[in-house]
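Heads up: the sequence shown begins at 1 in full-length UniProt numbering, then just goes up one per residue. Heads up, the beta-carbon is just placed ideally off N, CA and C, and yes, glycines get one too. Note that the structure is predicted; figures quoted are calculated from it, not measured. Working notes for the structure below.
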Amino acid sequence: MGMGGIGKTTLARTLYDDPSVISHFDTRAWATISQDYNKQNLRDVLLSLLGCVIGKPNDEILSKRDDELALCFHQALKGRRYLIVFDDMWDVKLWDDTRRFFPDDTMEVGSLSLLGNQVLLITPTQEARITK
């Protein structure tokens, strides 16, 4: 979190592309969010994430409804260690709309998550701060 231009995205991209991070996670996805995010943008976010996870969406994927895209995304992440980045997220609505798409299949031992899934939210506003 912090004002624009201080390097949040650059730092996150450097870590995202780091070889040790790449080897640690089974899959990684990056979505840049429109400042004017609304429910109509959800499809674009899902397609962006799916494109990172399964490759360029084909006609079959593109013809799916939003709830079907969300299921595809969920299934692609299930049982895998993932890193998801939402860049330039101005509003908490995106997280409210997408959090249910992420599998809750981590096994916790004390405070240690065995799968180690991570969702990183890069935001310029304090209002978009999210608590678990």
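Item                                                                                                                                                                     : Value
What is the C-beta distance between R43 and L11, in whole angstroms, given that I count them as a contact (C-beta under 8 Å)?                                            : Actually they do not touch by this definition, with Cβ atoms about 29 Å apart.
Looking at A31: is its Cβ nearer than 9 Å to the Cβ of L49?                                                                                                              : yes
Tell me which residue opens and which closes the alpha helix (DSSP H) that Y37 is part of.                                                                               : First-last for Y37: undefined, no H or E at that position.
Could you check where the beta strand (DSSP E) with F86 kicks off and where it finishes?                                                                                 : 82–87
Should N38 be labelled buried (16 or more other beta-carbon atoms within 10 Å of its own) or exposed?                                                                    : exposed
Considering only residues of the same chain and omitting the five flanking positions on each side of V119, which have a CB-CB separation below 6 Å?                      : I84
In chain order, what residues of the same chain have a beta carbon less than 8 Å from the beta carbon of residue 134, not counting five sequence neighbours either side? : Nothing can be reported for residue 134, as the shown portion of the chain is limited to 1 through 132.
Compare the C-alpha of D87 against each of S34, D18, G51 and name the closest.                                                                                           : S34
For R28, which three-state DSSP category applies?                                                                                                                        : strand
If we ignore side chains and look at the alpha-carbon of each, how far apart do L71 and F101 end up?                                                                     : 7 Å
Which word fits I122, buried or exposed, when buried means at least 16 other C-beta atoms lie within 10 angstroms of its C-beta?                                         : buried
Near D26, which residues of its chain fall below 6 Å by C-beta distance, leaving aside the five closest residues on each side in sequence?                               : R80, R81
Since V53 is in the alpha helix (DSSP H), which residue starts that stretch and which ends it?                                                                           : 42–54
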